[in-house]
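**Q** Below is the structure I would like to discuss, written out as structure tokens.
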Amino acid sequence: MLVTVQHNNQTIKVDLSKPIDISIPLTNTDENPIAWYIEKPIIEPVVFGDWIGKVSEGKSSTNFNNIFFNPHGHGTHTECLGHITREFYSINQSLKQFFFVAELISVVPELQGEDLVITLESISTALDVTLKLGIPKEALIIRTLPNFKIKKSLKYSNTNPPYLEEDAARFIRESGIQHLLIDLPSVDKEKDDGKLLAHKAFWNVTDVNNLNADARLDCTITELIFVTDEVKDGTYLLNLQIASFENDASPSKPVLYAILNEESK
238 MLVTVQHNNQ TIKVDLSKPI DISIPLTNTD ENPIAWYIEK PIIEPVVFGD
288 WIGKVSEGKS STNFNNIFFN PHGHGTHTEC LGHITREFYS INQSLKQFFF
338 VAELISVVPE LQGEDLVITL ESISTALDVT LKLGIPKEAL IIRTLPNFKI
388 KKSLKYSNTN PPYLEEDAAR FIRESGIQHL LIDLPSVDKE KDDGKLLAHK
438 AFWNVTDVNN LNADARLDCT ITELIFVTDE VKDGTYLLNL QIASFENDAS
488 PSKPVLYAIL NEESK
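Under our numbering, the residues of the sequence shown are numbered 238 to 502, in order.
Quick look at the structure:
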């Protein structure tokens, strides 16, 4: 299904029959990734007395499960600045458009002391090239290297995963990127005494207690994605799908579509 999209005076052609799902599914198995010191998700049938909401148990005509999970710790999720502010802001109210031109880049975090850090230099080097190619980018997708498939089931708690340098997050904001996606549990260091420097730099939040007027209410961060090696760095059309939760974050399903050139139609 070929479609043509007019975007910022550019014509973009994509094949909607060839989606590239970069989300990690949520399961109640040990294969589910986990961050932030919690246990795996719970997916289990409702029980009323001797009635069990599971067809295979022979007492129900339907499967009727309860699901207990945390969007930040259990898989791919998209968050708004309400994640870090005293005042409540909802991802469901913040994200009102769902298609964006996105740039996928691959970076190698740099060893700094005991930390692996995604630096300003690595981000600016990648973006300086792509931003000069013509199509304005609204979203940035960061794939960290090495890109082992075990990322899809890692237990991140107390492992000090790589994170994004504050200056790199600020550069991303100043480059006009509105939506940041990354294959890590957080853009910030796991234990940073609550500084959340990259979150604040990207959303331009200078005061979490009294939100500054120029904070970026319509911008989002999506964490715990996974982009396979078969997906090449470059420009894509991004469909950023969320569930309609009135919460600072929602489980999400970001989907990419390759932008077709004349030879690939």
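Glycine residues also receive a C-beta, built at the ideal position from the N, C-alpha and C atoms.
Keep in mind that this is a model prediction, so the values were computed, not measured.
(1) Mapping the DSSP letters down to three states, classify Leu239 as helix, strand or coil.
(2) Return helix, strand or coil for Asp404, following the three-state DSSP convention.
(3) What separation, rounded to the nearest whole angstrom, lies between the Cα atoms of Ser260 and Ser423?
(4) Helix, strand or coil: how does DSSP classify Arg380 here?
(5) On the criterion of 16 or more Cβ atoms from any shown chain inside 10 Å, does Glu403 qualify as buried, or is it exposed?
(6) Would Thr472 pass as an interface residue toward chain C - the criterion being a Cβ-Cβ separation below 8 Å?
(7) Whole angstroms is fine: what's the gap from Asn441's alpha carbon to Cys456's?
(8) What separation, rounded to the nearest whole angstrom, lies between the Cα atoms of His436 and Leu391?
(9) Measuring straight from C-alpha to C-alpha, what distance separates Glu316 and Ile458?
(10) Is Asn307 near Glu281, with beta carbons less than 8 Å apart?
(11) Quick check on DSSP: helix, strand or coil for Gly319?
(12) Spatial neighbours of Leu239 within its chain, please: C-beta separation below 6 Å, excluding the five flanking residues on both sides.
(13) Of the residues Gly312, Leu401 and Ser298, which one's Cα is nearest the Cα of Ser359?
(14) Just the C-alpha distance for Pro398 and Tyr494, rounded to the nearest angstrom, thanks.
(15) Using 10 angstroms around the beta-carbon of Arg323, count the other beta-carbons present and answer buried if the total reaches 16, otherwise exposed.
(16) Any heavy atom of the ligand COA inside 7 Å of the beta-carbon of Asp267?
(17) What are the boundary residues of the beta strand (DSSP E) that Asp336 is part of?
(18) For Phe408, count neighbouring C-beta atoms within 10 Å of its own C-beta (all shown protein chains included) and say buried if the count is 16 or more, exposed if not.
(19) Closest by CA to Leu417, which one among Ser481, Pro346, Val283 and Pro491?
(20) For the beta strand (DSSP E) that Ser489 lies in, which residues bound it at each end?
(21) What is the residue span of the beta strand (DSSP E) that Asn303 lies within?
(22) For the 8 Å Cβ check, are there 3 or more pairs between the segment 382–396 and the segment 339–352?
(23) According to DSSP, is Ile387 part of a helix, a strand, or is it coil?
(24) Looking at the secondary structure, which residues open and close the alpha helix (DSSP H) in which Ile414 lies?
**A** Let me spell this out:
(1) If you number the sequence shown from 1, residue 239 lands on position 2. Here Leu239 sits in strand by DSSP.
(2) Here the question's residue 404 lines up with position 167 in the sequence shown. In the structure shown, Asp404 sits in a helix (DSSP, three-state: H, G or I).
(3) In the sequence shown, residue 260 corresponds to position 23, counting from 1. In the sequence shown, residue 423 corresponds to position 186, counting from 1. One C-alpha to the other measures close to 15 Å.
(4) Residue mapping note: residue 380 aligns to position 143 of the sequence shown, counting from 1. Here Arg380 sits in strand by DSSP.
(5) The count along the sequence shown starts at 1 and reaches residue 403 at position 166. The residue in question, Glu403, is buried, as its Cβ has 16 or more Cβ neighbours within 10 Å.
(6) Of the protein chains in the structure, only one exists, and it is not chain C.
(7) Taking the first residue of the sequence shown as 1, we reach residue 441 at position 204. Taking the first residue of the sequence shown as 1, we reach residue 456 at position 219. Near 10 Å, if we compare the C-alpha coordinates of Cys456 and Asn441.
(8) Within the sequence shown, numbered from 1, the residue matching residue 436 stands at position 199. Within the sequence shown, numbered from 1, the residue matching residue 391 stands at position 154. About 22 Å.
(9) Here residue 316 refers to the residue found at position 79 of the sequence shown. Here residue 458 refers to the residue found at position 221 of the sequence shown. If you take the alpha carbons of Glu316 and Ile458, they lie about 5 Å apart.
(10) For the purposes of this step, residue 307 is taken as residue 70 along the sequence shown, with counting starting at 1. For the purposes of this step, residue 281 is taken as residue 44 along the sequence shown, with counting starting at 1. Their beta carbons are not under 8 Å apart, which means Asn307 does not touch Glu281 by this criterion.
(11) In the sequence shown, the residue the question calls residue 319 occupies position 82. Helix, per DSSP.
(12) Taking the first residue of the sequence shown as position 1, residue 239 is located at position 2. Closer than 6 Å at Cβ, skipping near neighbours: Asp252.
(13) Taking the first residue of the sequence shown as 1, we reach residue 359 at position 122. Cα-wise, what sits closest to Ser359 is Leu401.
(14) Working through the sequence shown from its first residue, we reach residue 398 at position 161. Working through the sequence shown from its first residue, we reach residue 494 at position 257. Distance between the alpha carbons of Pro398 and Tyr494 is about 29 Å.
(15) Position 86 of the sequence shown, counting from 1, holds the residue named residue 323. When all chains shown are included, Arg323 counts as exposed.
(16) The ligand COA is absent from the structure shown, which contains no ligand whatsoever.
(17) What you label residue 336 is simply residue 99 of the sequence shown in a count that begins at 1. Note that residue 336 corresponds to Phe in the displayed sequence, not to Asp. Here the beta strand (DSSP E) through Phe336 covers Phe336 to Val344.
(18) One-based indexing of the sequence shown puts residue 408 at position 171. It counts as buried.
(19) Reading the sequence shown from its first residue, position 180 is the one you call residue 417. Out of Ser481, Pro346, Val283 and Pro491, Pro491 has the C-alpha closest to the C-alpha of Leu417.
(20) In the sequence shown, the residue the question calls residue 489 occupies position 252. Run containing Ser489: Ala486 to Ala495, per the beta strand (DSSP E) assignment.
(21) In the sequence shown, the residue the question calls residue 303 occupies position 66. Asn302 to Phe305 is the span of the beta strand (DSSP E), which, as asked, contains Asn303.
(22) yes
(23) The residue given as residue 387 occupies position 150 in the sequence shown. Ile387: helix per DSSP, three-state reduction.
(24) Residue 414 sits at position 177 when you count from the first residue of the sequence shown. From DSSP, Ile414 is part of no alpha helix (DSSP H); its letter is neither H nor E.
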